[in-house]
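Colleague:
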Amino acid sequence: MIKTYINTGSKDTRSGFGAGLEALGNQNDKVVALCADLTGSLKMEEFRDQHPDRFFQVGIAEANMIGIAAGLTVGGYIPFTGTFANFSTGRVYDQIRQSVAYSGKNVKICASHAGITLGEDGATHQILEDLGLMKMLPGMTVINTCDFNQTKAATIAIAKLNGPVYLRFGRPKVPNFTPDNQNFEIGKAVLLTEGTDVTIVATGHLVWEALEAAKSLEGQGISAEVLNIHTIKPLDDEAILKSVAKTGCLVSAEEHNFLGGLGESVARVLALHHPVPQEFVATNDTFGESGTPEQLMEKYGLNAATIEAKVKKAIGRK
Numbered sequence: 026m027i028k029t030y031i032n033t034g035s036k037d038t039r040s041g042f043g044a045g046l047e048a049l050g051n052q053n054d055k056v057v058a059l060c061a062d063l064t065g066s067l068k069m070e071e072f073r074d075q076h077p078d079r080f081f082q083v084g085i086a087e088a089n090m091i092g093i094a095a096g097l098t099v100g101g102y103i104p105f106t107g108t109f110a111n112f113s114t115g116r117v118y119d120q121i122r123q124s125v126a127y128s129g130k131n132v133k134i135c136a137s138h139a140g141i142t143l144g145e146d147g148a149t150h151q152i153l154e155d156l157g158l159m160k161m162l163p164g165m166t167v168i169n170t171c172d173f174n175q176t177k178a179a180t181i182a183i184a185k186l187n188g189p190v191y192l193r194f195g196r197p198k199v200p201n202f203t204p205d206n207q208n209f210e211i212g213k214a215v216l217l218t219e220g221t222d223v224t225i226v227a228t229g230h231l232v233w234e235a236l237e238a239a240k241s242l243e244g245q246g247i248s249a250e251v252l253n254i255h256t257i258k259p260l261d262d263e264a265i266l267k268s269v270a271k272t273g274c275l276v277s278a279e280e281h282n283f284l285g286g287l288g289e290s291v292a293r294v295l296a297l298h299h300p301v302p303q304e305f306v307a308t309n310d311t312f313g314e315s316g317t318p319e320q321l322m323e324k325y326g327l328n329a330a331t332i333e334a335k336v337k338k339a340i341g342r343k
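Start counting at 1 in the sequence shown, then tack on 25, and there's your number in my numbering.
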């Protein structure tokens, strides 16, 4: 029998970030927060109100925000920057590369409204390239969480890691199903269900969809093993290889362009160590468009139904 996960109530992952940041503010007086005119959207109000001397509103000046954050690390502070994922990466890539990654600064780049689930704001804001941009930077840790509880835990955990981190989360309310007060281990995949026919590796909003797909597949006599890959870099190669050694094929699922995302990182691991058939659930080298998150996830095939179809295709290639 496949393990059942209970949705304890839909919550947005950006609120998980806000809750984690609030907790950090009370735990560590070296934690500071910077925001580019999106305090409410990033759920940073509680930190701002409780620690006004450690909160910096820089306005719509994201490049300056990254530079200020890098400078604050020199004084021993742990800066958390907050804005939309598109502005956290694409708009300020030069500053991140030069002032943070190249310099090895202890900056936590926290990005909300990632992927197409940003919704109605449309393609200009729906970045689907950010994981690729950030994972290519030497020394950058890249994390993409799946629900409120995991985002809160990840926010707290990254403060203890000395070095640059990109933490990606989202706008819409999604099922909250991982344990409260969980132990978040950077770089360690979470085995959600055990299976023998196919491995599904999923990240972010697609983790719940992978679980839904696995439940449906079980009713069709297909045993799926689901891994929650919350850390894109460093990738848990060992967990992936252990799983495919048993199942013999794999499906990757992510709310990101298939070029440069989780799927490509997994494909590299398989190509080097244990080649097996792999299918991708991701956007297909395209920009997004305006629509509700539900409409867009359906149109671009980022859902349980597509994962099921890809599973059957991967199994057929074994």
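Cβ atoms here follow ideal geometry from the backbone N, Cα and C, with glycine treated the same way.
With 16 other CB atoms within 10 Å as the buried threshold, where does D310 fall?
Modeller: So D310 counts as exposed.
Colleague: Relative to the alpha-carbon of F194, which residue among L252, E210, E323 and C135 has its alpha-carbon at the smallest distance?
Modeller: For F194, the nearest C-alpha among the options comes from C135.
Colleague: Taking only the alpha-carbon atoms, compute the straight-line gap between G229 and D172 and give it to the nearest angstrom.
Modeller: Roughly 7 Å between the two C-alpha positions.
Colleague: Is the Cβ-Cβ distance between V306 and V276 less than 8 Å?
Modeller: Yes.
Colleague: Return the CA-CA distance between V183 and Y191, expressed in angstroms with no decimal places.
Modeller: Inspection of the sequence shows that residue 183 is occupied by Ile rather than by Val. If you take the alpha carbons of I183 and Y191, they lie about 9 Å apart.
Colleague: Could you check how far apart the C-beta atoms of T142 and P197 are, in whole angstroms? I think they sit under 8 Å.
Modeller: Yes, T142 and P197 are in contact; Cβ-Cβ is about 5 Å, under 8 Å.
Colleague: Inspect the beta-carbon positions of G157 and N282 and report whether they are closer than 8 Å.
Modeller: Yes, the Cβ-Cβ distance between G157 and N282 is below 8 Å.
Colleague: Do the CB positions of N174 and Q207 come within less than 8 Å of each other?
Modeller: Going by C-beta atoms, N174 is nearer than 8 Å to Q207.
Colleague: Can you tell me whether T272 is helix, strand or coil according to DSSP?
Modeller: In this structure, T272 counts as helix in the three-state DSSP scheme.
Colleague: Leaving aside the five residues before and after D62 along the sequence, list all residues of the same chain whose C-beta is less than 6 Å from its C-beta, in chain order.
Modeller: Closer than 6 Å at Cβ, skipping near neighbours: G84 and I85.
Colleague: Compare the beta carbon distance of L129 and G107 with 8 Å and say whether it is the shorter of the two.
Modeller: Reading off the sequence shown, one finds Gly at residue 129, where the question assumed Leu. Not a contact, by the Cβ cut-off of 8 Å.
Colleague: In whole angstroms, what is the alpha-carbon distance linking A179 and G188?
Modeller: C-alpha separation (whole angstroms): 15 Å.
Colleague: Have a look at M68 and R39 and give me their C-alpha separation to the nearest angstrom.
Modeller: This sequence places Lys at residue 68; Met is not what is there. Rounded to whole angstroms, K68 to R39 spans 7 Å at the Cα level.
Colleague: Could you compute how far the alpha carbon of L327 sits from the alpha carbon of E333?
Modeller: Each residue's Cα considered, the two are about 11 Å apart.
Colleague: Identify every residue that forms a DSSP beta bridge with Y191.
Modeller: DSSP, once it has assigned bridges, lists I134 and V167 as partnering Y191.
Colleague: By Cβ distance, which residues of its chain are closer than 7 Å to I181, with the 5 residues on each side in sequence left out?
Modeller: If we look at I181 and ignore the five residues flanking it on each side, its Cβ neighbours are G45, A48 and L49.
Colleague: Which of the three DSSP states, helix, strand or coil, is assigned to D62?
Modeller: D62: coil per DSSP, three-state reduction.
Colleague: CA-CA distance, A148 and F312?
Modeller: Their backbone Cα atoms lie some 6 Å apart in a straight line.
Colleague: From the DSSP output, in three-state form, read off T98 for me.
Modeller: If DSSP states are grouped into helix, strand and coil, T98 belongs with the helices.
Colleague: Leaving aside the five residues before and after Q245 along the sequence, list all residues of the same chain whose C-beta is less than 7 Å from its C-beta, in chain order.
Modeller: Result list for Q245: empty, nothing under 7 Å.
Colleague: In this structure, does DSSP put A227 in helix, strand or coil?
Modeller: Note: A227 maps to strand in three-state DSSP.
Colleague: Nearest by alpha-carbon distance to T176: which of M322, H255 and I31 is it?
Modeller: Taking only the C-alpha atoms, the option nearest T176 is H255.
Colleague: Applying the criterion that 16 or more other CB atoms from any shown protein chain within 10 Å of the CB defines a buried residue, is M161 buried or exposed?
Modeller: By the 10 Å Cβ count, M161 comes out exposed.
Colleague: In terms of residues, what are the limits of the beta strand (DSSP E) holding K160?
Modeller: Here K160 belongs to no beta strand (DSSP E); instead the alpha helix (DSSP H) covers D155 to K160.
Colleague: Rounded to the nearest angstrom, how far is the Cβ of A238 from that of A329, given a contact under 8 Å?
Modeller: Confirmed, about 4 Å.
Colleague: Can you name, in chain order, every residue of its own chain whose Cβ lies under 6 Å from the Cβ of R321, other than the five neighbours on each side?
Modeller: The sequence given here has Leu at residue 321, not Arg. Contacts found: I141.
Colleague: Please confirm whether T166 and K258 have their CB atoms less than 8 Å apart.
Modeller: Contact: yes.
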